[in-house]
Amino acid sequence: MALHVSSNKLSASISAQGGVMQGLWWRHKDGSQTALLRSATDDQAGPGDSAGFPLVPFGNRLGGNSFTFEGRIYHLAANSARDPLYLHGDGWLALWNVVERSENELTLSYRHDSDGTNPYDYTARQVFRIDEYGFSLQLSVVNEGAHALPFGLGWHPYFPLRPDTLLEFQAKSFHEEAEGSLPGNELELSDPLDFRKPRSLPVRWINNGFSGLEGPARILWPETGLALEMSYNPIFAHAFLYLPYAANSAAAMPDFFCLEPMTHKANGHHRTDLGGLHILAPGETLAGTIHLTVNTLPKSSRSERSR
Numbered sequence: 007m008a009l010h011v012s013s014n015k016l017s018a019s020i021s022a023q024g025g026v027m028q029g030l031w032w033r034h035k036d037g038s039q040t041a042l043l044r045s046a047t048d049d050q051a052g053p054g055d056s057a058g059f060p061l062v063p064f065g066n067r068l069g070g071n072s073f074t075f076e077g078r079i080y081h082l083a084a085n086s087a088r089d090p091l092y093l094h095g096d097g098w099l100a101l102w103n104v105v106e107r108s109e110n111e112l113t114l115s116y117r118h119d120s121d122g123t124n125p126y127d128y129t130a131r132q133v134f135r136i137d138e139y140g141f142s143l144q145l146s147v148v149n150e151g152a153h154a155l156p157f158g159l160g161w162h163p164y165f166p167l168r169p170d171t172l173l174e175f176q177a178k179s180f181h182e183e184a185e186g187s188l189p190g191n192e193l194e195l196s197d198p199l200d201f202r203k204p205r206s207l208p209v210r211w212i213n214n215g216f217s218g219l220e221g222p223a224r225i226l227w228p229e230t231g232l233a234l235e236m237s238y239n240p241i242f243a244h245a246f247l248y249l250p251y252a253a254n255s256a257a258a259m260p261d262f263f264c265l266e267p268m269t270h271k272a273n274g275h276h277r278t279d280l281g282g283l284h285i286l287a288p289g290e291t292l293a294g295t296i297h298l299t300v301n302t303l304p305k306s307s308r309s310e311r312s313r
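Residue numbers (our numbering): 7 to 313.
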């Protein structure tokens with residue numbers, strides 16, 4: 007069942023299954039709507055066909071499906087048919103509980119118990135809110151276990167990729183993609199993966215992590231007359247950019263791309279500094295908020311891009 011939050015200009019649809027978003031829309035003065043996130047195919051759409059999903063208790067992949075922390079070896083089982091590695095945490099595959107619900111705010115909660123396939127014992131929470139300033143998503147996770155563990159948070163949104171889409175975000179470095187879609191060497195920004203100024207997404211496969219995020223990301227859709235600003239707490243110092251270009255496909259360029267704010271680097275469990283993962287003692291909480299704000303582009307920007 008779809009759950010809805012809305013205001014005069016914005017509306018969102020959310021599913022308790024996976025805690026996923028099914029869409030986010032901007033309402034124009036004439037009553038028409040523009041999708042700000044990819045719209046799910048239907049109310050039963052899975053995470054991969056959704057508008058976005060949470061990453062908890064950490065995001066992306068875990069190399070070898072195991073890690074060592076404070077002298078203990080922990081193992082996690084692969085959790086999806088699409089990948090041999092533990093991927094994107096647990097929340098995107100689980101049923102969340104509705105805690106509170108109003109016209110413009112929805113709170114979902116998910117309790118995960120540790121078992122033989124996963125050592126993480128935690129409670130995660132998502133608060134979806136729409137107000138006069140835009141849309142916000144507050145993510146949090148509490149370590150409910152008996153031992154300290156490294157935790158992270160992230161969000162995996164799917165943004166519409168339109169013909170004139172421009173992307174801008176500030177970062178200091180990026181990781182090459184290595185075998186198994188794990189992060190490889192960390193390099194200085196360079197073409198075609200330098201988005202410090204607004205630019206089109208390159209016509210190529212992209213699956214790279216970025217670090218040193220500063221300030222908001224901006225997505226411009228000149229043909230719609232809208233721009234979307236995604237801001238986040240400083241805790242979200244990393245992001246993943248995903249564009250599944252398929253050269254041998256009839257429709258090589260997808261109709262979406264993902265820019266995923268994360269509190270940590272992918273596969274951080276295998277870095278000596280944990281790559282931004284936060285060590286939570288029993289009872290401690292990690293939390294952060296992501297904001298989406300809609301701006302109207304000046305008419306000159308629209309006309310120049312449409313020529």
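Where a beta carbon is used, it is the ideal one built from N, C-alpha and C, also for glycine.
With a threshold of 6 Å (Cβ to nearest heavy atom), would residue i be considered close to the ligand GTP?
| i | result |
| --- | --- |
| G190 | No copy of the ligand GTP occurs in the structure displayed, which carries no ligand at all. |
Shortest alpha-carbon distance to residue i belongs to which of the options?
| i | options | result |
| --- | --- | --- |
| R88 | F73, Y116, V105, G54 | G54 |
| R224 | F216, K203, R210 | K203 |
| D397 | S142, F246, Q28 | One cannot answer for residue 397 here, as it falls past the ends of the chain, which runs 7 to 313. |
| Y340 | V147, G140, F141, T113 | The displayed coordinates of the chain run from 7 to 313. Any statement about residue 340 would go beyond what the structure contains. |
| D279 | S237, L99, E76, H94 | E76 |
| P267 | I296, P260, Y251, A252 | I296 |
| L298 | I241, S237, G151, L195 | S237 |
| I79 | H153, G97, A130, A18 | H153 |
| G231 | E111, K305, G52, L42 | K305 |
| L234 | P189, F165, T291 | F165 |
| F242 | F141, G186, H162 | H162 |
| P169 | N191, S196, F157, L207 | L207 |
| E220 | F175, M7, L292, G52 | F175 |
| K35 | L195, L155, L226, K15 | K15 |
Hey, could you find the ends of the beta strand (DSSP E) residue i is sitting in?
| i | result |
| --- | --- |
| E183 | 179-183 |
| W98 | Element bounds for W98: n/a, residue is neither H nor E. |
| Y238 | 232-238 |
| V104 | 103-107 |
| L226 | 220-227 |
| E266 | 262-268 |
| Y248 | 244-249 |
| A41 | 39-41 |
| F59 | 58-61 |
| E111 | 111-118 |
| R44 | Element bounds for R44: n/a, residue is neither H nor E. |
| R88 | Per DSSP, R88 belongs to no beta strand (DSSP E) and is neither H nor E. |
| H81 | 78-81 |
Could you check what DSSP says for residue i in three-state terms: helix, strand or coil?
| i | result |
| --- | --- |
| S12 | strand |
| H94 | coil |
| L303 | coil |
| P53 | helix |
| N213 | strand |
| N124 | strand |
| G69 | helix |
| L280 | helix |
| G25 | coil |
| N273 | coil |
| A18 | strand |
| A287 | coil |
| H297 | strand |
| E310 | Low confidence applies to E310: its pLDDT is 44, below 50, so where it sits in the model is not reliable enough to give any reading. |
| L207 | coil |
| F64 | coil |
**Report entry** beta strand (DSSP E) runs contained entirely in the segment 131-204, provided each spans 3 or more residues
**Finding:** Segments of the beta strand (DSSP E) lying fully in the segment 131-204: 140-149, 155-157, 160-163, 172-176, 179-183, 189-194.
Query - Inter-stretch contact at 8 Å, needing at least 3 Cβ pairs: the segment 98-115 / the segment 27-46 - result: no
Report task. For the segment 62-74 and the segment 93-109, state whether three or more C-beta atom pairs, one from each stretch, are separated by less than 8 Å. Result -> Three or more beta-carbon pairs separated by less than 8 Å link the segment 62-74 to the segment 93-109, which places the two stretches in contact.
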